[in-house]
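Residue numbers (my numbering), protein chains in the order written: chain A, 1 to 278; chain B, 279 to 885.
Beta carbons: idealized from backbone N, C-alpha and C, even for Gly.
Predicted model only: the values in this text are computed from it and were never measured.
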Ligand code: SF4
Ligand code: SF4
Ligand code: FES
């Protein structure tokens, strides 16, 4: 019962075109590129240059692995999925916080050395690996999910898709901590003791907007999680590989909730501005 | 002599993906002191890669579904090599495990009346996969992780177990090193649960990360436990094939569940060409019926793209081998064609398959809403693993339990998509519960000082060799050769002569491994970690190869070009692998236990 519809030939045609275009964009001739990679610890480290071959479709993480196999067996790097799903391979590529596994070499200028260095907002372990354990501790301090009692006849709950869309957006987070890395409150001011950072404000937002949750976290947001430190620079949103609208959809609504219960001058101002008729 | 930290737990769980987390939660809930060891950071395990969904007969979308249909589907998909008791428990308990995830905060996609939505998947008769777009695994692991952190479990992140420790016959703990400083840790435990996942790194083209080096299977084997069904390796039909650097990355079966079709370079939808006999009555014989099925028409039969993974992978291989493949040696998978069927197809695809959209856009410059993808088979999953008791998940070694991909039994010769996530929570829970119960019955044990010493010395040898400057080599090259060998000689299509050659290669790789030297020091040194993982990879590679030689027929994930047919003579036993007293690998045949009558009847009724 095979079929060979005219439609399917369109598939082949567009597939062939896509393959050709992909070949072209991948750049089929083999070249080489130089990477300046941070080696060592925070107190005893320096950039070292490595040159390695560049082949089709390579990402920064591939280059790192190649360098490991060729000339730097002990180059420390964290990775798992190599598909932008686990959030392990965060680093700064040419000064920009990125997932190394999702940064293609053809988006970089390879005529200059490519700089790869560890995230700055966390203590360095070695080479490209930082100690991100603070994030796991910060999460523990957030009041956990506590659902209301099941209220549907079958002992579960009913939730409409439209009521969970926003929460699902926040739950896309892969915990890469790039937003934490770029937030000046943590990166420049080191307020790790009093501010949980954009990742965990998003986490609180997901809990607060969860249709089943019963806890009110506005008190802890203001006190323990330091939401007032955020001055809405939106740097976090810009680097999020999952394109979560961290500031607009999570932080600002949370600030508004806090301001309803506890006065916060900056948010009051933002709110006034947002409410102005266009 | 050797320096190490000691940690004491009632239950030690090794591995923190879905199965390990669920086991730890259950053991902690019953009052046990639990240690949870993760090879990576918490929440990064391979479970995050699961895309399509979690199979459970909730009957939210099709009220005809129930546990017995799910049971029959799982057994049919596994070619009846499954541990039927596990298949029964799995089908019965999966719905409760899914509802429990919701109660712990998971947010699944919804039906119009506000219940958990379910989607179609290969080999499942009814829409059965609860899902969150195409990132269900992430939702599951995050839910379990966020629940577990409030239970007082001791989490040891970036810590790799290198040996199990025994006190006489029973397990008494484990030895590990931490990545950050490279120091040893000894865990004293009354029960150990292995939940370390699979062996995908033994192959070159794989969807698995560096962690999946068969640690759990190899640790259990060295501790005297039996492995089972190791010849059954699943090659997922749709991995990315282009560009080369992303080769093997998974393309979810959800694409086909949403209506994606497979087409060869001649424009032929080749999956209609070969529909296996035992699926013919359930499979559409024309395109129009297939489309109605994915649109939810309950009277339509599923399109052939949704046949089981082993079959789809072989059909793709056939097209490529016979010269009908796509430009880069795969075939086309097209979801964009649905634009002829619906107005906002682009928005629909992005909503249903967001991470696939993203993945192709970013890594291959392909817009899947308007162009087809190129796909081909990739090593994805091992059905085999540690042999366990169906009810308790205890291995053949007292006190040693296993759950999830590391354990064998549930999936038989081929796993259905969606049955993995449900496996993790159903049997993770059972393993945690029974491990805690076992632990409560034990008096404290003593740890074998000599074994600890020897393990530490062996682990540090690669550094010593570097300083002695004898003839040595680096770990990455040896690992690469191993992966190429397995891919070439023990891959999707197998032959006796090639596999015998593979055994020779593995023996010489073992010699080379004994000469590996690593540079640098013990702190976060991936070269050293790769060297240590190699011995596990070699063990599982040998187990797969020897089991595959022993099964002289084709069944499920195991395809023999020299014995291309199923042979009923081989239907009656599982192949076991165990360590002989002289240290060599022993292969034996274990009869499949006769199925209970009521279950046999369910299978008859669902034929
Ligand atoms: S918007 Fe707030 S949280 Fe985000 S980077 Fe700026 S200060 Fe930090
Ligand atoms: S919110 Fe975005 S940037 Fe921040 S941790 Fe999550 S995925 Fe990463
Ligand atoms: S390796 Fe998983 S996000 Fe990069």
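Less than 6 Å separating the Cβ of residue i from some heavy atom of ligand 2?
i	result
residue 227 of chain A	no
residue 202 of chain A	yes
residue 544 of chain B	no
residue 175 of chain A	yes
residue 244 of chain A	yes
residue 75 of chain A	no
residue 437 of chain B	no
residue 254 of chain A	no
Which chain D residues are close to residue i, counting only those with a beta carbon under 7 Å from its beta carbon?
i	result
residue 172 of chain A	Within the model displayed, chain D is absent; protein chains A and B are what it includes.
Tell me the residue span of the beta strand (DSSP E) that contains residue i.
i	result
residue 467 of chain B	462 to 472
residue 432 of chain B	432 to 434
residue 858 of chain B	Taken as a continuous stretch (DSSP letters only), residue 858 of chain B belongs to no beta strand (DSSP E), as it is neither H nor E.
residue 126 of chain A	124 to 126
residue 283 of chain B	282 to 292
residue 453 of chain B	448 to 456
residue 659 of chain B	651 to 660
residue 35 of chain A	31 to 40
residue 90 of chain A	90 to 93
residue 48 of chain A	45 to 54
residue 96 of chain A	96 to 99
residue 116 of chain A	114 to 117
residue 313 of chain B	312 to 315
residue 541 of chain B	539 to 541
Would you say the beta carbon of residue i comes nearer than 6 Å to a heavy atom of ligand 1?
i	result
residue 234 of chain A	yes
residue 185 of chain A	yes
residue 241 of chain A	no
residue 283 of chain A	Limits of chain A in this structure are 1 at one end and 278 at the other, which puts residue 283 of chain A out of reach.
residue 230 of chain A	yes
residue 325 of chain B	no
Tell me the residue span of the alpha helix (DSSP H) that contains residue i.
i	result
residue 512 of chain B	Unbroken run through residue 512 of chain B is the beta strand (DSSP E), 511 to 518; no alpha helix (DSSP H).
residue 404 of chain B	Unbroken run through residue 404 of chain B: none, as it is neither H nor E.
residue 442 of chain B	It is not in any alpha helix (DSSP H) - residue 442 of chain B instead sits in the beta strand (DSSP E) that spans 437 to 445.
residue 157 of chain A	Run containing residue 157 of chain A: none; DSSP gives neither H nor E here.
residue 754 of chain B	753 to 767
residue 569 of chain B	565 to 572
residue 595 of chain B	587 to 599
residue 60 of chain A	60 to 70
residue 145 of chain A	Looking at the DSSP string, residue 145 of chain A is not in any alpha helix (DSSP H), and its letter there is neither H nor E.
residue 829 of chain B	Unbroken run through residue 829 of chain B: none, as it is neither H nor E.
residue 886 of chain B	Within the shown structure, residues of chain B are numbered from 279 to 885, placing residue 886 of chain B beyond reach of any answer.
residue 675 of chain B	Unbroken run through residue 675 of chain B: none, as it is neither H nor E.
residue 274 of chain B	As shown, chain B starts at 279 and ends at 885. That puts residue 274 of chain B outside it, with no answer to give.
residue 716 of chain B	697 to 718
residue 414 of chain B	414 to 426
residue 532 of chain B	532 to 535
residue 738 of chain B	727 to 746
Self-check item: Residues proximal to ligand 3 by C-beta, any heavy atom closer than 6 Å
Solution: A:79, A:80, A:81, A:82, A:84, A:85, A:86, A:87, A:88, A:89, A:99 and A:101
Give me the subset of the stretch 424 to 436 of chain B whose CB atoms are less than 9 Å from a CB atom of chain A, sorted by chain position. 424, 425, 427, 428, 433, 435 and 436
Q) Between the stretch 60 to 85 of chain A and chain B, which residues of the former have CB atoms less than 8 Å from a CB of the latter, in chain order? A) 62, 68, 69, 73, 74, 75, 76, 77, 78, 79, 80, 81, 82, 83, 84 and 85
(request) With 9 Å as the C-beta to C-beta threshold (strictly closer), list the residues of the stretch 196 to 227 of chain A near chain B in chain order. (result) 203, 206, 207, 210, 211, 212 and 213
query: Is the number of C-beta pairs between the stretch 466 to 482 of chain B and the stretch 623 to 642 of chain B that are closer than 8 Å three or more?
result: no
Checklist entry - Taking Cβ-Cβ distances below 7 Å as the criterion, which residues of the stretch 594 to 615 of chain B are in contact with chain A? => result 604, 605, 606, 610, 612 and 615
ask   = With a cut-off of 8 Å, do at least 3 Cβ pairs link the stretch 800 to 810 of chain B to the stretch 853 to 872 of chain B?
value = Fewer than three Cβ pairs drawn from the stretch 800 to 810 of chain B and the stretch 853 to 872 of chain B lie within less than 8 Å of each other, which leaves the two stretches out of contact.
Original post:
Per the contact definition of three or more C-beta pairs closer than 8 Å, is the stretch 786 to 797 of chain B in contact with the stretch 415 to 429 of chain B?
Top reply: no
Near-chain A residues of the stretch 796 to 821 of chain B - C-beta to any C-beta below 7 Å
796, 797, 798, 801, 802, 803, 804 and 805
Original post:
Quick one: any contact between the stretch 166 to 178 of chain A and the stretch 186 to 205 of chain A, if contact means 3 or more CB pairs under 8 Å?
Top reply: yes
At a CB distance below 9 Å, what residues from the stretch 619 to 641 of chain B approach chain A? Give them in sequence order. 632, 633, 636, 637, 640 and 641
**Prompt:** How do the stretch 429 to 439 of chain B and the stretch 383 to 394 of chain B stand: do at least 3 beta-carbon pairs fall below 8 Å, yes or no?
**Reply:** Too few Cβ pairs lie closer than 8 Å, so no.
* For the stretch 109 to 140 of chain A, which residues have a beta carbon sitting closer than 8 Å to at least one beta carbon of chain B? -> Per Cβ criterion, the list reads 125, 126, 127, 129, 131, 132, 133, 136, 139 and 140.
- Message: At a CB distance below 9 Å, what residues from the stretch 377 to 397 of chain B approach chain A? Give them in sequence order.
- Response: 377, 380, 381, 382, 383, 384, 385, 386, 387, 388, 389, 390, 391, 392, 393, 394 and 395
Item to check | Residues within the stretch 730 to 753 of chain B neighbouring chain A, beta-carbon criterion of under 8 Å | outcome: Correct list: 752 and 753.
Tell me which residues of the stretch 321 to 336 of chain B have at least one Cβ-Cβ distance to chain A shorter than 7 Å, keeping chain order. Shown in chain order are the members of the stretch 321 to 336 of chain B whose Cβ falls below 7 Å from a Cβ of chain A: 321, 322, 326 and 327.
| task | Mind checking the stretch 519 to 530 of chain B against chain A and listing, in chain order, the residues whose C-beta falls within less than 8 Å of any C-beta there? | result | Hits within the stretch, in order: 520, 521, 522, 523, 524, 527 and 528.
What residues from the stretch 644 to 669 of chain B come within 9 Å of chain A, judged by C-beta to C-beta, listed N to C? 644, 645, 648, 649, 650, 651 and 652
Point to revise | Three or more C-beta pairs below 8 Å linking the stretch 737 to 748 of chain B and the stretch 548 to 565 of chain B | key: no
message: Does the contact criterion of 3 or more C-beta pairs under 8 Å hold for the stretch 657 to 664 of chain B versus the stretch 499 to 510 of chain B?
response: Counting Cβ pairs under 8 Å, three or more are found: they touch.
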